[in-house]
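S.K.:
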Amino acid sequence: MLAALLLPSLLTAGAEPPAGAVKLNEPRVQYRNNEASATRSPWIDANGWHIQRSPGQTFVYQVKGEAAALAAAEAFTYGSGAFISADAAGADAFGKMLTFIKALPAVDLPPVADFGVVDDGSDATGELLNLLTRMNLLYRIEKNPDPRFHVNVRLGTKEFPPEDAKNPSVAAHKIRSLIGDDNRSLRVYGSEVVIGRLMAGSGKARVFLINYTPRPVLGLRVRIRGAYSKGELQASGLPDARLADLGQDGPATEFTLPELHIFAVIDLSHN
Amino acid sequence: MFLQLAAAPALLASDAPPAYKVVSHYPAAKSTETPGPYRGTVARIHSEGVIDTGSEQIDQPTIDKMLSAGMKALTGAKADKEAWASFFSSSDVIGIKVNCSGAPVIRASPEVVSGIVRSLVSVGVKPDNIYIYERFLDQLTSVHYERFVPAGVQIVAVETPRASLLGYDPKTYVECSFFGEDDTRSNLARLVTERFTKIINVPNAKEHQASGVTGCLKNLAYGDFSNVARSHMREKTNTLSFIGTLAAVEPLRSKCVLNIMDGIRGVWHGGPFSEDKKYRFYPKLLMFGTDPVAIDRLLLDLIEDKRKAEGAPSLWDRSPNIIDRRAHLDFHKNTFIREPGHIEYAAKNFGLGEYDKNKMKVTSLEI
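Keeping their order, the protein sequence lines are chains B and W.
Last residue of the first sequence: 273 (this note's numbering), numbering continuous.
Last residue of the second sequence: 368 (this note's numbering), numbering continuous.
1) Excluding five sequence neighbours on each side, which residues of the same chain lie with their C-beta closer than 6 angstroms to the C-beta of W/THR173?
2) According to DSSP, is B/MET201 part of a helix, a strand, or is it coil?
3) Measure the Cβ-Cβ separation of B/VAL209 and B/LEU200 and say whether it is below 7 angstroms.
4) Locate the beta strand (DSSP E) running through B/GLU261, then write down its first and last residues.
5) Please state whether DSSP places W/CYS257 in a helix, a strand or coil.
6) Under 7 angstroms, Cβ to Cβ, is there at least one residue of chain W near B/ALA38?
7) On a Cα-Cα basis, can you pick out the residue from B/ALA93, B/THR14 and B/GLN59 that is closest to B/ALA73?
8) Is the separation between the beta-carbon of W/ASP81 and that of W/LYS199 shorter than 7 angstroms?
9) Taking just the CA atoms, how far does B/ARG223 sit from B/SER11?
10) What is the rounded straight-line gap between the Cα of W/ALA86 and the Cα of W/VAL124?
11) Can you name, in chain order, every residue of its own chain whose Cβ lies under 6 angstroms from the Cβ of W/GLU182, other than the five neighbours on each side?
12) Assign W/VAL43 to buried or exposed, taking buried as 16 or more other Cβ atoms, counted over all protein chains shown, within 10 Å of its Cβ.
13) Quick check on W/GLY125 - is its C-beta less than 7 angstroms from some C-beta in chain B?
14) Going by other Cβ atoms of all chains shown within 10 Å of its Cβ, with 16 needed for buried, is B/ALA71 buried or exposed?
15) Does any C-beta atom of chain B lie closer than 7 angstroms to the C-beta of W/LEU259?
16) Output yes or no for whether 7 angstroms exceeds the beta carbon distance between W/ILE97 and W/ILE201.
17) Starting from B/LEU220, find everything on chain W with Cβ-Cβ shorter than 8 angstroms and list it in chain order.
18) Identify the continuous beta strand (DSSP E) that holds W/PRO62 and give its terminal residues.
19) Which chain W residues sit within Cβ distance under 9 angstroms of B/PRO260?
20) Against W/SER178, what residues of chain B qualify as contacts under a CB-to-CB distance less than 8 angstroms, listed in chain order?
21) Please report the straight-line C-alpha distance between W/HIS233 and W/THR336, rounded to a whole angstrom.
22) Would you verify that the beta carbon of W/ALA171 is, or is not, closer than 7 angstroms to some beta carbon of chain B?
23) Near W/GLU305, which residues of its chain fall below 6 angstroms by C-beta distance, leaving aside the five closest residues on each side in sequence?
24) Please list, in chain order, all residues of the same chain as W/ALA104 whose beta carbon is under 7 angstroms from its beta carbon, the five residues on each side excluded.
25) Which partner residues of B/ARG142 appear in the DSSP bridge assignment?
26) May I have the straight-line CA-CA distance separating B/ARG156 from B/LEU131, to the nearest angstrom?
27) When you compare the CB positions of B/VAL172 and B/PHE117, do they come within less than 7 angstroms of one another, or not?
28) Going along chain B in order, which residues have a C-beta closer than 7 angstroms to the C-beta of W/ARG186?
29) Does the beta carbon of W/GLY352 come closer than 7 angstroms to any beta carbon on chain B?
30) Can you check the segment 17–43 of chain W for any alpha helix (DSSP H) of at least 4 residues that lies completely inside it and give the ranges in chain order?
31) With 9 angstroms as the limit, tell me which residues of the segment 126–140 of chain B have their beta carbon closer than that to any beta carbon of chain W; keep them in chain order.
32) If you follow the alpha helix (DSSP H) that W/SER242 is in, where does it begin and where does it stop?
33) Would you say B/ASP247 reaches chain W, if we count a Cβ-Cβ gap shorter than 7 angstroms as a contact?
34) Check whether the segment 289–300 of chain W and the segment 243–260 of chain W touch, using three or more Cβ-Cβ pairs below 8 angstroms as the test.
35) Can you round the beta-carbon distance between B/LEU188 and B/PHE78 to whole angstroms, since I take them to be within the 8 angstroms contact cut?
36) Using the C-alpha atoms, what's the distance from B/VAL109 back to W/SER15?
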C-alpha cells in the first residue's frame, strides 16, 4: 500500500534533516529564452531520476510556498518518504497536498519501463536519467542488461559510445528513436512541463502526472499503452475533475485532463 | 477512422518530408472538397480608392462593390444573392477564418469581414450562426470586429488561454516529429470538426519569413491546428510539407468552400507580423476563389514583384549568406530559409488546387 508506506514528511521549523539526507533541487521550471538550446523546451528541475537511482536514500527538499506541494507530489510519485523543509506558506501547501495524497485509493502496482539503463554511477549517466525522466521515457535502472528489454542502455559501449556520455541529450534522443514513439507506454501531449510515471499490472494502471509550473495546464492529452475502459481522475485542487474523451486508439488508451494544477493521479481499469 | 501515413514524395530529394501520421474520423465531402467547383479560377478585384493610405481609412462602400464584383465574377451569377446562395444557405453554421497575426494594422479588414457577414445574412444565415474566429484571443480582440458586425455574430478564439488544448479535437490530428520535440501532435480546432458546416477563409497578402508567403493555405493550416510553430524552430523549416499536409485534413478540406484574400494592405518583409511600417504596402485588391493554391500562386508574384522593386532578395533565394537569425527586420536578410514551394507542394501532393498559371483562369476587374 504505497500511500501508507511512502509519505513525505514535513520538517518542523528549525528542525534539521536527518544526518546523511541528500538535498534535492527545488522542483520547478526555468525558462531560458535567451539561451541557445536544441528544442527551446523549458528546463525542468525534477528529481524523479535521483530518487529512482537511490531508492534507499533519505532525501530532503528545502522549499518555499507552493513548491512544497510540488515536492510532496514528486516524492510520493517516486516512492520516497522525503523530508520537506518549508516556510509557513509551504507548510500549508504541503498539508493540503498530503491530505490529497492520503485520500488516494491504495494500489500496489509495479512501475512500467520500456527499456533499461545500466547505471555506472557516473555523472553522465545521472544526467541521462534526468533527461529521460523529463522526456517521459520510462526506464528501469539496472546493474546489468535485462534481456526482457529490447533496448538496454549503457554509456560507453559500442551502441552508446563515450561521445554520447559527453552529450546525454544525443543519447536520450537516440534511445527515444530506438524505442519508437508508438511503442512508448506513456505519452503526454499539450505540455512540455508535465512529467508522468506509470504503474501497471493485472489489468489496472495508475498514472501520476506532475505539473512543474505554477500555471494550470489545460487540455492535457495522455496516451497509455494498453486497453482500459474506465478511468478515475483525482486532481489536486480540483475535487470535481473528471477525465474527458477517454477512448481506445489502437493498442493504447487515451484521455484528456481538462485541467491540471500541480498533481493528478489517474486509475485505469478494464471495468 | 482514416489513418493515413502521409509520407508524400518530395519535390526535391534533399527535402524529404518527415513521416506524417494523419488521424481523422471525417470523410471527404466530394461536392465541396478543396479546390471546389472553380479549380484554377481567381477573380482579382482592384480599386485605387479603397483605402486612403495616409489615414489608413478603408472605404466601406468600395469594399462592398469589390465583394459584389468578385463573387459574381467567380460564380458567374448575375446578382449578389445568387452568388452567395450558391455556397451558403440558412441552415449553415459558418466560420470566417480571419488572420490577425499582423494586428492591429495588418489583419483581415473589419470592413471586408463586415461585408461578408452582411452577404451571409442576406441569404438567410442567422447572425448567431456566423463565427469570426482565430487561434489567439489577444490578436483577435485587438481588431474589434464587434464594432463592424451585427449583434449575435460570434467572435471566438480557439486557444483561450494560449497553449490550452481544450479548443482542439483530441481525435483529429497530424502527428510527426520535426526535431525530437516531446509534443508531436497538431490537433484540429473543435469549431471546425464539431460546429461549422462551412468555412470562409480570409487571409492577408503577406510575406512569411519561414514559408515564403502566408496566404490561403497557411491561414487555414496554421490557423486551425495547434502546436504548429514547431515546424519553424530552425533556419531549415518543415513548412514546405507541413502546410499542405494540414490543409488537406478532413473535415477542414471539405468545409472550406470559399477563399477571399484581403490584399487591401500587405506585408512584403518581416511577416507574418507587421512590426515595421516600412514593410507594409497597399496592393488594394481582393482575390476570390474556391481554389487556395491558385490564389496563393498569384500572391507569390505579388510579394515577389514588390520585393524586387524594393531591392530585396527573392523569396526563392536560399543562399546561406542572407540567413541571419537575429536580423528579421533587415530586408536584405532573413531568419529562415523560405519555403515558397509549399504552394506547389500542396498542389502536387494533395491536389489542393491549380499551381500552373497557364491553366488558371484569372479575371481582373477594376472598381
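We treat Cβ as the ideally placed atom computed from N, Cα and C, and that holds for glycine.
Nothing here was measured: the structure is a model prediction, and the numbers come from that model.
M.R.: Quick answer:
1) SER25, LEU189 and THR194
2) Note: B/MET201 maps to strand in three-state DSSP.
3) yes
4) 254–262
5) In this structure, W/CYS257 counts as strand in the three-state DSSP scheme.
6) Interpretation of B/ALA38 is limited by its pLDDT of 40, a score under 50 that renders its predicted location unreliable; the figure taken from the coordinates is listed afterwards. Answer no: the Cβ-Cβ gap between B/ALA38 and chain W never drops below 7 angstroms.
7) B/ALA93
8) no
9) 31 angstroms
10) Their Cα atoms are separated by approximately 6 angstroms.
11) ARG231
12) buried
13) no
14) buried
15) no
16) In this structure, W/ILE201 lies closer than 7 angstroms to W/ILE97 by Cβ.
17) PRO162, ALA164, SER165, LEU166 and LEU167
18) Here W/PRO62 belongs to no beta strand (DSSP E); instead the alpha helix (DSSP H) covers 61–76.
19) LEU167, listed in chain order.
20) Here the neighbours are ASP183.
21) 10 angstroms
22) Here the sequence assigns Pro to residue 171 of chain W, which means Ala is not the residue at that position. Judged by the 7 angstroms Cβ criterion, W/PRO171 is in contact with chain B.
23) LEU316
24) GLN140, SER143 and VAL144
25) B/GLY118
26) Cα to Cα, the separation comes out at about 11 angstroms.
27) no
28) The answer, in chain order, is TYR191.
29) no
30) none
31) ARG136, MET137 and ASN138
32) 240–248
33) So, interface residue.
34) yes
35) Contact between B/LEU188 and B/PHE78 does not hold, since their C-beta atoms are separated by about 18 angstroms, which reaches or exceeds 8 angstroms.
36) With a pLDDT of 45 at W/SER15, under the threshold of 50, the modelled position of this residue cannot be trusted, and the question is left open.
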